[in-house]
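So the structure is just underneath, and the comments pick up after that.
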Amino acid sequence: MLDLDLLFVLGICLGVLILPAVVSAILDGRAPRTPALLLIISALMIGYAVLQKPTGYSLASIPDVFANVIARYTN
Numbered sequence: 787m788l789d790l791d792l793l794f795v796l797g798i799c800l801g802v803l804i805l806p807a808v809v810s811a812i813l814d815g816r817a818p819r820t821p822a823l824l825l826i827i828s829a830l831m832i833g834y835a836v837l838q839k840p841t842g843y844s845l846a847s848i849p850d851v852f853a854n855v856i857a858r859y860t861n
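Counting in this note's numbering, the sequence shown runs from 787 upward without gaps.
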């Protein structure tokens, strides 16, 4: 079964890591094709996890989700 919490965390991490590439491409006058595609993939990962989880995610629960995913996959 697909781990929705892991998908959610990976989507957030990917989105945060892609933002500097988007800004850099725009400031250099280039089209941010690859970063924009990865940003869309990130948004789809987050959206899928939010829609498939029955209880959803709240802003207050995001740090707990990160901690649980890190603890689950490092032990």
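Beta carbons are placed, not taken as given, at the ideal position from N, Cα and C, and that holds for glycine.
With a cut-off of 8 Å on Cβ pairs, the stretch 854 to 861 is not in contact with the stretch 805 to 823, counting fewer than three such pairs.
By the Cβ test, the stretch 832 to 847 is not in contact with the stretch 805 to 815, since fewer than three Cβ pairs between them sit closer than 8 Å. Cβ atoms of L796 and K839 stay farther apart than 8 Å, at about 15 Å.
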